[in-house]
Amino acid sequence: MVEKFEVMVGNKAVAYAVKLARVKFISAFPITPQTTIVQYLSDMVANGEIDAEFVTVEGELTAQASALTATAAGVRSFTATAGPGLLYMHHPMHATSNARLPLVMAVMHRGVKGMQPDHSDMMSQRDTSWMMFECENSQEILDTGLMAYKIAEDSRVRLPAIFAGDGYILSYTDEPVEIPDQGKVDAFLPPYKSNFPLLPEQGLENQKIQMEQWAVGADEQTPWKNQQDAMDSAKNVIKEVSSEYERVFGRSYGNGLVEEYKTEGVDAVLVAMGTIASTTRTAIDRLQAEGKKIGLVKLKSFKPFPAEEFQRIAPTVKSMGIIDRNISCGSGGITFSEIRSAIYDVDEHPKTLSYIAGLNGKEVRVQDLMRIGEKTLKIANGLVVTPQVEWV
Amino acid sequence: MSKPVPLVKLDEKEHIASANQACQGCAGATVAHIIGKVLGDKMVRQEVACCGPAFGNLYQPSIYAEIFEGAGAMMTGLNRAFKKMGRDDAIVTGIIGDGGTFDIGFQGLSGAAERNENLLWICYDNEAYMNTGGQRSSATTKYAQTTTTPIGEFSRGKKEKRKNVTAMVALHNVPYVATASVAYPEDFIGKLEYAKNLKGFRFIIVSAPCPTGWRVEPQYAIRVAKDMVLSGMWPLYEVTDGEKFRLTFKPKELKPIKEVLKLQGRFRHMTDDETEELQDEVTSYWAKLIQKDGGSFQ
Amino acid sequence: MMEIRFHGRGGQGAVTGVRLLATALYYEGKFTQGIPMYGTERRGAPVVSFLRVGESRINERDLVHEPDIVVVLDPLLSKSVPITDGLKKGGLVLINHPHSGMEAGIGGPFRVATVDATKVAMEVIGRPITNTAILGAFAKVTGMVKLESLEEAAKHQWDPRLAEVNIKAMRKAYEIANAPVDVSEIKVEEVTEQVRARKTGERDVSSWRLFRPIFNDEKCIGCRRCYILCPEVAISMINNKAEVNYQYCKGCGICQEECPTKAIGWVEEKI
Chain A
22 MVEKFEVMVG
32 NKAVAYAVKL
42 ARVKFISAFP
52 ITPQTTIVQY
62 LSDMVANGEI
72 DAEFVTVEGE
82 LTAQASALTA
92 TAAGVRSFTA
102 TAGPGLLYMH
112 HPMHATSNAR
122 LPLVMAVMHR
132 GVKGMQPDHS
142 DMMSQRDTSW
152 MMFECENSQE
162 ILDTGLMAYK
172 IAEDSRVRLP
182 AIFAGDGYIL
192 SYTDEPVEIP
202 DQGKVDAFLP
212 PYKSNFPLLP
222 EQGLENQKIQ
232 MEQWAVGADE
242 QTPWKNQQDA
252 MDSAKNVIKE
262 VSSEYERVFG
272 RSYGNGLVEE
282 YKTEGVDAVL
292 VAMGTIASTT
302 RTAIDRLQAE
312 GKKIGLVKLK
322 SFKPFPAEEF
332 QRIAPTVKSM
342 GIIDRNISCG
352 SGGITFSEIR
362 SAIYDVDEHP
372 KTLSYIAGLN
382 GKEVRVQDLM
392 RIGEKTLKIA
402 NGLVVTPQVE
412 WV
Chain B
862 MSKPVPLVKL
872 DEKEHIASAN
882 QACQGCAGAT
892 VAHIIGKVLG
902 DKMVRQEVAC
912 CGPAFGNLYQ
922 PSIYAEIFEG
932 AGAMMTGLNR
942 AFKKMGRDDA
952 IVTGIIGDGG
962 TFDIGFQGLS
972 GAAERNENLL
982 WICYDNEAYM
992 NTGGQRSSAT
1002 TKYAQTTTTP
1012 IGEFSRGKKE
1022 KRKNVTAMVA
1032 LHNVPYVATA
1042 SVAYPEDFIG
1052 KLEYAKNLKG
1062 FRFIIVSAPC
1072 PTGWRVEPQY
1082 AIRVAKDMVL
1092 SGMWPLYEVT
1102 DGEKFRLTFK
1112 PKELKPIKEV
1122 LKLQGRFRHM
1132 TDDETEELQD
1142 EVTSYWAKLI
1152 QKDGGSFQ
Chain C
8 MMEIRFHGRG
18 GQGAVTGVRL
28 LATALYYEGK
38 FTQGIPMYGT
48 ERRGAPVVSF
58 LRVGESRINE
68 RDLVHEPDIV
78 VVLDPLLSKS
88 VPITDGLKKG
98 GLVLINHPHS
108 GMEAGIGGPF
118 RVATVDATKV
128 AMEVIGRPIT
138 NTAILGAFAK
148 VTGMVKLESL
158 EEAAKHQWDP
168 RLAEVNIKAM
178 RKAYEIANAP
188 VDVSEIKVEE
198 VTEQVRARKT
208 GERDVSSWRL
218 FRPIFNDEKC
228 IGCRRCYILC
238 PEVAISMINN
248 KAEVNYQYCK
258 GCGICQEECP
268 TKAIGWVEEK
278 I
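Chains as they are written, first to last, in the numbering used here: chain A, 22 to 413; chain B, 862 to 1159; chain C, 8 to 278.
Put into structure tokens, the structure is as follows:
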């Protein structure tokens, strides 16, 4: 039985997630390529499909700052942004995570150097204690939006989350998306309750929370340690929620942290996030059809970084070609260094190559991925390749 | 229209903890004391980085974030959430300094006013970024010495005139805008009482001298505020719905501002010409206000 | 290396004083590290700063926990701040105090030297800024720095007029400073650090006070002006008369200035 579906662009899938999650506060500010998200939401509020306070704020910083206090006060909230808009929001990012607020935000990737997509926007917020979930198609965007609220609001986590997809490639491309049943979503995602006492009669409880958050009388490092512990717990929560989502809605994305695609018996893997991972599937299919033993590991949860997953996978392959749609200039591809750091202590770990691809929206084609797949396979078989970094 | 409230009519209950981390003689702390008194147990407070957190140890719940510029944004989130939760009995209040109102917070102020968010914005104006040691703000009076507008061969204190944010807020056509002073608590309390029963965006800016930054002995903090009102440097008025303008205190004759400046170390360097320049400005602005009194603000 | 802790009040020149001393020591070939304890810029609050003095660049960047010398710029501080905390056995306290070392209210395995720096400052400078006077006494009592070096530093710090008046204060204090005495036999009550955390119950700001208000019931008309204007919410109305809780009073003086019937007296805190 085909559930309700609609051919829609990725931005609309975001809007559906917000509607189904029964979000009650939306702060809206436009920026390409997410602008239509807030327009869809605006329509849905206008025609009564969504019952929420919809505030057209005067800038992105306000978009997040207002959503964070709305979350604290007690309503499930949402905002969306991209590229420079996310940079403008940087100031409240830490405030939201410091206050342990489960705010969820959609980021339709726009690189910081132009309008076209890459992951530099999200990566610029890497260390703000926000969870970061990457999506490769519009269905995944809708599903991940719902899962994000459940994960963020879990008492073992209570950290804000970004769910993201590549701008243009997903935001404005039409594809069929199944829309989950509202009743099932209500059962999956119960109503939100704030941990932050802010009602007028909650003065005493409020003071207590504030003292905790400011580590009054405690080790100054405590708030950070608490957030790190929450990120660790989040890994299990993500897996649980992912399993539950599959049971209820019939869809899953690996275990929620990573997905292994055709990796049984391979000698090498490519690792990728987002739409590049999607295109890589086709490259892998074709390579395997030629008898080449290479698979794909799709990284879905960038934060918390699933080190244990890579520690599990590493000893099973001889090489990894790690594709970054980002770069930290002066260092290198970010997931490249995260993965290598995660697998350093594993006794047998694979050789690694770094691929910088798709920056500033550069097209990443199946043939490009096939070529780098072949190259990655060659080093699995002993070939030495320099330099270790290739700009695709 | 607000009405002054005699102090003897005040409730005994305090809504603020005694003793705080502010400087001796901090008029901002007095502002917080008075606000607590009037808003009672319905207040929910937004705090931002400024002197406020140091002196406002109110018992009512608050949320603080290191977003100095975010008062307008954060109070928007609060009041909308309470509305959605059926709790708009909560009075969303901000006790924000001039920095977070005039400068870094100005965008958020204008945005929230333009949307007529249901909140009470109280600016305690100590005319500089006092929390960081006293750097000039756009609220600083012209010629005042601050740590970024010092007196030297090439500098005579603040170069620019004070930015009239009160008028700007009134031009957003919000329900209520008023000026107040710690030296006239009955008038201030009356305005708070009036504002607290309204809905929509309400703005009260209170003259709150800072003994540390203005270089005044702590005991004279209130006296300086009083002289500012008596000289016309700080007129007391209110504007309802961007339209109806009313002076709430009209001294028969304005005290010369020279007397007011004399009390403050930050004006110690003033020449007669400079004083005259400021006096002319005060006198002419007062004349405009007298003309508008009882009529239209715009 | 020597480690020194200074106790002063916000806005009263402790930081400048330490910098002056560090400059003087540098003239004599010593390296220093002066650490102010910045909280928020609160005038009147007790503040602490540290100075390390060594023969070469000092690498430690943590705080000073066991000073060799403690310098106290205000006599009232010793009653409300634990000034001898961590002071090494046999360590020296130099305190601005009108009485002798034995009567300064300090006891323990230490030596105490006093100088009436407030008197010197009032006489010479006209304001109770005791930082330079205390340094003059420091030179005499510790022998760690020459008076000439301090004077040189003062000329470097201020314009000639201000430098001259501060140098005078240094010299005067140098003359009248009392030699250190052993206070091992003196018994004093322990002083505990006040809780300064935001939003916790009991706060005590009485140590900020140099003067205290005295309320005269007969003159009080119950107008409530002092009550509403008090920044510390230290005043309550009992039977329609204003009464202050001294624990919460910083001695700002607003109440006595604003009282319409002059019902509030104003007296110096006793040392």
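Where a beta carbon is used, it is the ideal one built from N, C-alpha and C, also for glycine. This one's a predicted model, so the numbers in the text were calculated from it and none came from an experiment.
Asked: Who are T77 of chain A's beta bridge partners in DSSP?; Found: A:A49
Asked: Does the Cβ of H14 of chain C have 16 or more other Cβ atoms within 10 Å, making it buried, or fewer, making it exposed?; Found: buried
Asked: Residues of chain B with a CB under 7 Å from the CB of W215 of chain C: which are they?; Found: Q885
Asked: Going by the beta-carbon positions, is the gap between P53 of chain C and A120 of chain C smaller than 8 Å?; Found: no
Asked: With 8 Å as the threshold, decide whether the Cβ of F217 of chain A is near any Cβ in chain B.; Found: yes
Asked: Take the Cβ of D959 of chain B as the centre, count every other Cβ of all protein chains shown within 10 Å, and call the residue buried at 16 or more, exposed below.; Found: buried
Asked: Can you tell me the Cα-Cα spacing of G208 of chain C and N119 of chain A, whole angstroms?; Found: Any reading at G208 of chain C must be qualified, since the residue scores a pLDDT of 49, below 50, and its modelled position is unreliable; no value is offered.
Asked: Per DSSP, what are the beta-bridge partners of V809 of chain B in this structure?; Found: Nothing can be reported for residue 809 of chain B, as the shown portion of chain B is limited to 862 through 1159.
Asked: On the three-state DSSP scale, how would you describe L124 of chain A?; Found: coil
Asked: Tell me the rounded alpha-carbon separation between I956 of chain B and S107 of chain C.; Found: 48 Å
Asked: Closer than 8 Å between beta carbons: that is the criterion. Which residues of the segment 958-974 of chain B meet it against chain A?; Found: Q968, G969, S971, G972
Asked: Using a C-beta cutoff of 8 Å, does S1145 of chain B count as contacting chain C?; Found: no
Asked: By Cβ distance, which residues of its chain are closer than 7 Å to Q234 of chain A, with the 5 residues on each side in sequence left out?; Found: N119, A120, P244
Asked: Kindly list, in the order they appear in chain C, the residues whose Cβ is closer than 8 Å to that of L1091 of chain B.; Found: Correct list: empty, because the minimum Cβ distance to chain C is about 15 Å.
Asked: Would T57 of chain A count as contacting chain B if we go by Cβ distances under 8 Å?; Found: no
Asked: So the beta strand (DSSP E) T1040 of chain B belongs to, where does it begin and stop?; Found: 1037-1042
Asked: Taking the beta carbon of W982 of chain B as the centre, do at least 16 other beta carbons fall within 10 Å, making it buried, or is it exposed?; Found: buried
Asked: I want to see whether chain B comes within less than 8 Å of G80 of chain A, judged by CB atoms only; does it?; Found: yes
Asked: With a cut-off of 8 Å, does the C-beta of F1106 of chain B fall near any C-beta of chain C?; Found: no
Asked: Check the DSSP bridge columns for W982 of chain B and list the partner residues they point to.; Found: B:G955, B:F1064
Asked: Should L390 of chain A go down as buried or exposed, given a rule of 16 or more other Cβ atoms within 10 Å for buried?; Found: buried
Asked: Could you round the C-beta distance between D1141 of chain B and E1120 of chain B to whole angstroms and report it? I think they count as a contact, below 8 Å.; Found: Contact doesn't hold; Cβ gap of about 16 Å is too wide.
Asked: Between N987 of chain B and C887 of chain B, what straight-line distance do the alpha-carbon atoms span, to the nearest angstrom?; Found: 10 Å
Asked: Residues of chain A with a CB under 8 Å from the CB of M935 of chain B: which are they?; Found: A86, S87, L89, T90
Asked: Once DSSP output is grouped into helix, strand and coil, what is the label at D195 of chain A?; Found: strand
Asked: Which residues does DSSP pair with Y376 of chain A in a beta bridge?; Found: A:I344, A:E411
Asked: Express the C-alpha separation of I230 of chain A and W1075 of chain B in angstroms, rounding to a whole number.; Found: 36 Å
Asked: What residues in its chain sit with their C-beta under 7 Å from that of G1061 of chain B, if we drop five residues either side in the sequence?; Found: N977, N979, V1035, P1036
Asked: Short of 6 Å in beta carbon distance, which residues of its chain neighbour E281 of chain A, apart from the five on each side in sequence? Order them along the chain.; Found: V318
Asked: Name the chain B residues whose beta carbon is nearer than 9 Å to that of P167 of chain C?; Found: Chain B residues near P167 of chain C: none, gap ~17 Å exceeds 9 Å.
Asked: Ignore the nearest five residues each way along the sequence and tell me which others in K257 of chain C's own chain have a CB closer than 7 Å to its CB.; Found: G51, V212, W215, R216, E239
Asked: Quick one: what's got a C-beta closer than 7 Å to R205 of chain C's C-beta in the same chain, skipping five residues either side?; Found: A caution first: R205 of chain C carries a pLDDT of 43, below 50, which makes its placement in the model too unreliable to give a value.
Asked: Using a Cβ cut-off of 9 Å, pull out every chain B residue sitting near V76 of chain A, in sequence order please.; Found: T937, G938, R941, R976, E978
Asked: I'd like the span of the alpha helix (DSSP H) that includes I230 of chain A, first residue to last.; Found: 224-234
Asked: Answer with yes or no whether the minimum CB distance from K396 of chain A to chain B is below 8 Å.; Found: no
Asked: Going by the CB atoms, is the gap between S85 of chain C and V79 of chain C shorter than 8 Å?; Found: yes
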